[in-house]
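Structure first, commentary second.
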Amino acid sequence: MADYQYPIDLDWTYQEMDQVIKLWNAVEEAYENRIEREVFLNRYRAFKEVIPSKGEEKRYANQFEKDSGYSLYQV
């Protein structure tokens, strides 16, 4: 795993940050190993509770892909 920071908003609560980070972890897991579909979808649903806007989702997903090389949309 490369050394990079997850795209998060420091104004989020700890719980919100945790939900977003768990999705980024799930994307990494999908690329580096395997992840069960339901586990990934549950993490994505939790992420959408924090970031319901499609535009905002794309902004964070694009930043994550730029930093990590892993695409949220290719999992």
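So the number in my numbering is just where the residue sits in the sequence shown, counting from 1, plus 2.
Here a beta-carbon is modelled for each residue, glycine too, at the ideal position from N, C-alpha and C.
Give the single residue among the options whose Cα lies nearest to the Cα of residue i.
{"i": "Val22", "options": "Gly71, Tyr62 and Asn35", "result": "Tyr62"}
{"i": "Phe49", "options": "Lys68, Tyr6, Leu74 and Arg36", "result": "Leu74"}
{"i": "Met19", "options": "Arg39, Val41, Glu38 and Glu51", "result": "Glu51"}
Using a Cβ-Cβ cutoff of less than 7 Å, which residues in the same chain neighbour residue i once the five nearest sequence positions on both sides are dropped?
{"i": "Tyr46", "result": "Leu25"}
{"i": "Glu59", "result": "Ile53"}
{"i": "Phe42", "result": "Ala28, Ala32 and Val77"}
Using the beta-carbon count (16 or more within 10 Å), is residue i buried or exposed?
{"i": "Val29", "result": "buried"}
{"i": "Ser70", "result": "buried"}
Enumerate in chain order the residues of its own chain whose CB-to-CB distance from residue i is below 6 Å, with the five nearest sequence positions on each side excluded.
{"i": "Glu31", "result": "Ile37"}
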